[in-house]
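When the letters of the sequence shown are read in order and numbered with the working numbering, they come out as residues 68 to 238. Think of the CB as a built atom: it goes at the ideal place given N, C-alpha and C, for glycine as much as any other residue. Only a predicted model underlies this, so the values are computations on that prediction, with no experimental measurement involved. Input: a single structure, listed below in structure tokens.
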Amino acid sequence: MKTATRITATGATRAAFSAVEVMVGALLLGLALIPIASGVISTGREAGFTESHLLARARALAILDAQEALGWAALATVGEAEQPLPIPAAAGTAPALPGAPGGELYQERLCAISLADGLVALSVDVGWTFAGDHGVADRSHVARAVRFVGRPDGSWLHRVPLPSRPASTAD
Numbered sequence: 068m069k070t071a072t073r074i075t076a077t078g079a080t081r082a083a084f085s086a087v088e089v090m091v092g093a094l095l096l097g098l099a100l101i102p103i104a105s106g107v108i109s110t111g112r113e114a115g116f117t118e119s120h121l122l123a124r125a126r127a128l129a130i131l132d133a134q135e136a137l138g139w140a141a142l143a144t145v146g147e148a149e150q151p152l153p154i155p156a157a158a159g160t161a162p163a164l165p166g167a168p169g170g171e172l173y174q175e176r177l178c179a180i181s182l183a184d185g186l187v188a189l190s191v192d193v194g195w196t197f198a199g200d201h202g203v204a205d206r207s208h209v210a211r212a213v214r215f216v217g218r219p220d221g222s223w224l225h226r227v228p229l230p231s232r233p234a235s236t237a238d
């Protein structure tokens, strides 16, 4: 009888030891997956873009909206060569890009180019570079927005008169 008791006790000990091994393995696997999951879930990225890029893109669109609101008269003198334009005051101030406490290089550029009779392409580049570790600059980033603006009368459309149709002879 003592032998049977020992076998049962040994089997129970092995089962308990296996349960502990499984629990420790699951814990280690969970600890290994937490940094990976948190890096994917809470990176502050939306569709692969950083918050800085989203703010810069919004700034570029605000500049285009402000320039377009100035009307056609502000664009009437634009030639066929790319012409830099001043940033409209109605666009507001540049955003503070997160992740760079005062160490970023920031630039805004608004250009216009005449494409056809009364059609102008507006292009905005918002560029920034964050200062990296040890004073070495990191990669440069650019958010670009383009908008085509036509004269209010729509005369940039090349309208070709349709050929006249022969009168119907079926009576």
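Relative to Gly217, the option among Gly159, His208, Ala188 and Leu128 whose CA is nearest is Ala188. When beta bridges are read from the DSSP output, His208 appears opposite Trp195. In the DSSP assignment, Leu131 falls within the alpha helix (DSSP H) that extends over Glu118 to Ala136.
Of the other Cβ atoms in all chains shown, fewer than 16 fall within 10 Å of the Cβ of Ser85; this residue is therefore exposed.
Membership of Pro151 in the beta strand (DSSP E) is indicated by the continuous run Gln150 to Leu152. In the three-state reduction of the DSSP assignment, Leu189 falls in the strand class, which pools E and B. Straight-line spacing of the CA atoms in Arg176 and Val91 works out to 57 Å. By the neighbour-count criterion, in which 16 or more other beta carbons inside 10 Å mark a residue as buried, Leu94 falls on the exposed side.
When secondary structure is reduced to three states using DSSP, Leu94 falls in the helix class. Sorting Arg206, Trp195 and Phe215 by C-alpha distance to the C-alpha of Ala123 places Trp195 at the top.
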